[in-house]
Amino acid sequence: MGVSQMPVAEGKSVQQTVEILTRKLEMLGAEKQGTFSVDCETYHTAASTLGSQGQAGKLMYVMHNSEYPLSCFALFENGPCLIADTNFDVLMVKLKGFFQSAKASKIETRGTRYQYCDFLVKVGTVTMGPSARGISVEVEYCPCVVASDCWSLLLEFLQSFLGSHTPGAPAVFGNRHDAVYGPADTMVQYMELFNKIRKQQQVPVAGIR
Amino acid sequence: MEAPPVTMMPVTGGAINMMEYLLQGSVLDHSLESLIHRLRGLCDNMEPETFLDHEMVFLLKGQQASPFVLRARRSMDRAGSPWHLRYLGQPEMGDKNRHALVRNCVDIATSENLTDFLMEMGFRMDHEFVAKGHLFRKGIMKIVVYKIFRILVPGNTDSTEALSLSYLVELSVVAPAGQDMVSDDMRNFAEQLKPLVHLEKIDPKRLM
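Order-wise, the sequence lines are chains X and H. In the numbering used here, each residue's number is its place in the first sequence (first place is 1) plus 912. In the numbering used here, each residue's number is its place in the second sequence (first place is 1) plus 1481.
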């Protein structure tokens, strides 16, 4: 397990930027290793259950990651992230009366998986329904499980192919720099990225997030 | 480092409905040894397996008359085991001739922050108990003989008290829906345990 970073870069068009990035990676010497996908569905507490709790409805995100095909991740923003097996989706169907899925807000990213020595790079197109809304780049440094130990190495690697678009340290590292990094942290980062992209109206002409 | 199995779509839980077929009975404490002896003879040859589990039952109250029930179970003697979340539906009313209680069931293995997550979802704990006993298997049938302990101080699993002077015996099978011959096999097996224990279909509604 390594440390992942998820910046979004925009260029002339989503597809062109993805091509530029993948070409840069291939020139560096990265090997293509299949595809990946991460998707996220949003559920909100149905109005009927709100009255008894007296609190605002919370949003629950149920996510899947092809890197962990037999798992399902369920999380609340700023809350716990549950890692369960794929039967959790069946349970969500049973909970239909209490948690309603906001169908239109299913968001996912699909793309290619590259391996470059100890780094795993995934460049994906983020889509919501039929429209492409952005690009996600995930970089994982596999040998390391503690974020603070390899952050500078990751940053240097990112700069080599993202150039000026390299972002700062993700919030998920926050106060827990020395804690062991896990798949739940990756999913929290994807959730934050998807939320950022969801809030944008259109794919802008140029911009960095 | 190898690529994971290449799947375009993440593998999602199948839409197969699993049903739990159940027969229950009980034995007094002094009959436990003879029952265990008989089960060891009838069941699959394996190391005698004991378990010590802590189960918490959570309810989610909505506008519907009946709250949604979820059971969260963790092993107290096997460190590192995932938590087990279980949903059990209403017993299927139907064929009076069907020998076992049939209800929809969904079993999910989860990480350890399950209780925090359920609270965040809006569930509240209704009751909890500790179950300690023996586990046997025969093919797809699972036989558990266990004692229920009441937890005296909420959250403290060290101070418990036995609920009764008996052991609960459950014969269960989890199989896809529509396989009714399963209940015939269960009844045949239950016959072999008589007269030590009488396993029967107990409708929970009749007990309320």
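Note that CB positions come from ideal geometry on N, CA and C, so glycine has one too.
(message) Among 1527(H), 1620(H) and 1610(H), whose alpha-carbon lies nearest the alpha-carbon of residue 1638(H)?
(response) Along the second sequence, read from residue 1 onward, the residue named residue 1638(H) stands at position 157. Of the candidates 1527(H), 1620(H) and 1610(H), the one whose C-alpha sits nearest the C-alpha of residue 1638(H) is 1610(H).
(request) Show which residues of chain H have a CB atom less than 8 Å away from the CB atom of residue 1010(X). (result) Residue 1010(X) sits at position 98 when you count from the first residue of the first sequence. Near residue 1010(X) (Cβ distances below 8 Å), the residues of chain H are 1541, 1543, 1549 and 1603.
(message) Going by C-alpha to C-alpha distance, which of 1631(H), 1598(H) and 1597(H) sits closest to residue 1608(H)?
(response) What you label residue 1608(H) is simply residue 127 of the second sequence in a count that begins at 1. Here the closest residue by C-alpha is 1631(H).
(request) Take residue 1587(H) and list the residues in its own chain whose beta-carbon comes closer than 8 Å to its own, dropping the five residues that flank it on each side. (result) For the purposes of this step, residue 1587(H) is taken as the residue at position 106 of the second sequence. Closer than 8 Å at Cβ, skipping near neighbours: 1499, 1567 and 1568.
(request) Select from 1677(H), 1683(H), 1527(H) and 1685(H) the residue whose C-alpha is nearest the C-alpha of residue 1509(H). (result) As a first step, residue 1509(H) must be located in the second sequence, where it is residue number 28. Residue 1509(H) has its Cα closest to that of 1677(H), out of 1677(H), 1683(H), 1527(H) and 1685(H).
(message) Three or more C-beta pairs under 8 Å: does that hold for the region 994-1009 of chain X against the region 935-943 of chain X?
(response) Note that the region 994-1009 of chain X does not touch the region 935-943 of chain X; fewer than 3 beta-carbon pairs, one per stretch, sit closer than 8 Å.
(request) Excluding the 5 residues preceding and the 5 following residue 1555(H) in the sequence, name in chain order all residues of the same chain whose CB lies nearer than 6 Å to its CB. (result) Along the second sequence, read from residue 1 onward, the residue named residue 1555(H) stands at position 74. For residue 1555(H), where only same-chain residues beyond five positions count, the Cβ hits under 6 Å are 1535 and 1564.
(request) Output, in chain order, the set of chain X residues within a Cβ distance shorter than 7 Å of residue 1517(H). (result) Here residue 1517(H) corresponds to residue number 36 of the second sequence, with the count starting at 1. None at all; the shortest Cβ gap to chain X is about 32 Å.
(message) Looking at the strands, I want to know which residues DSSP matches up with residue 1027(X).
(response) For the purposes of this step, residue 1027(X) is taken as residue 115 along the first sequence, with counting starting at 1. According to DSSP, residue 1027(X) bridges with 943(X) and 1032(X).
(request) Measure the Cβ-Cβ separation of residue 1546(H) and residue 1599(H) and say whether it is below 8 Å. (result) Within the second sequence, residue 1546(H) is the residue found at index 65, counting from 1. Within the second sequence, residue 1599(H) is the residue found at index 118, counting from 1. By the CB criterion at 8 Å, residue 1546(H) and residue 1599(H) fall outside the cutoff.
(request) Taking only the alpha-carbon atoms, compute the straight-line gap between residue 1029(X) and residue 1073(X) and give it to the nearest angstrom. (result) Taking the first sequence and counting its residues from 1, the one referred to as residue 1029(X) is at position 117. Taking the first sequence and counting its residues from 1, the one referred to as residue 1073(X) is at position 161. C-alpha separation (whole angstroms): 15 Å.
(request) Could you tell me the distance, in whole angstroms, from the CA atom of residue 964(X) to the CA atom of residue 970(X)? (result) Mapped onto the first sequence, residue 964(X) falls at position 52. Mapped onto the first sequence, residue 970(X) falls at position 58. Bear in mind that a pLDDT of 47 at residue 964(X), under 50, signals an unreliable position, so the number given afterwards is only what the model happens to contain. Taking the straight line from one Cα to the other gives about 14 Å.
(request) Determine, using beta carbons only, whether residue 997(X) comes closer than 8 Å to chain H. (result) Counting from one through the first sequence, the residue named residue 997(X) turns up at place 85. It does; some Cβ of chain H falls within 8 Å.
(message) Determine, for residue 1590(H), whether the minimum Cβ-Cβ distance to residues of chain X falls below 8 Å.
(response) Here residue 1590(H) refers to the residue found at position 109 of the second sequence. It does: the Cβ of residue 1590(H) has a partner Cβ on chain X nearer than 8 Å.
(message) Taking 8 Å as the limit between beta carbons, can you name the residues of its chain near residue 1112(X), skipping five residues before and five after?
(response) The residue you call residue 1112(X) lines up with position 200 of the first sequence. In chain order, 1045 and 1046 place their CB closer than 8 Å to the CB of residue 1112(X), counting only its own chain and leaving out the 5 sequence neighbours on each side.
(request) Tell me whether the beta-carbon of residue 1019(X) lies closer than 8 Å to the beta-carbon of residue 1110(X). (result) Translated into positions along the first sequence, residue 1019(X) becomes position 107. Translated into positions along the first sequence, residue 1110(X) becomes position 198. Here residue 1019(X) is near residue 1110(X), since their CB atoms are less than 8 Å apart.
(message) Cβ closer than 9 Å: which chain H residues qualify as neighbours of residue 972(X)?
(response) Working through the first sequence from its first residue, we reach residue 972(X) at position 60. Around residue 972(X), the beta-carbon contacts reaching into chain H at under 9 Å are 1601 and 1602.
(message) Please identify the residue among 1537(H), 1502(H), 1649(H) and 1574(H) whose C-alpha is closest to the C-alpha of residue 1516(H).
(response) As a working mapping, residue 1516(H) is identified with position 35 in the second sequence. Comparing Cα-Cα distances from residue 1516(H) to each of 1537(H), 1502(H), 1649(H) and 1574(H), the minimum goes to 1649(H).
(request) Can you tell me which of 1619(H), 1606(H) and 1602(H) puts its alpha carbon nearest to the alpha carbon of residue 1444(H)? (result) The structure shown has nothing for residue 1444(H), since chain H only spans 1482 to 1689.
(request) At 7 Å on the CB atoms, spell out the chain H contacts of residue 1003(X), in chain order. (result) As a position in the first sequence, residue 1003(X) is number 91, starting the count at 1. Within chain H, the residues placing a beta-carbon under 7 Å from that of residue 1003(X) are 1568, 1587 and 1589, ordered along the chain.
(message) In this structure, how does DSSP classify residue 1054(X) when only helix, strand and coil are distinguished?
(response) Here residue 1054(X) corresponds to residue number 142 of the first sequence, with the count starting at 1. In the three-state reduction of the DSSP assignment, residue 1054(X) falls in the coil class.
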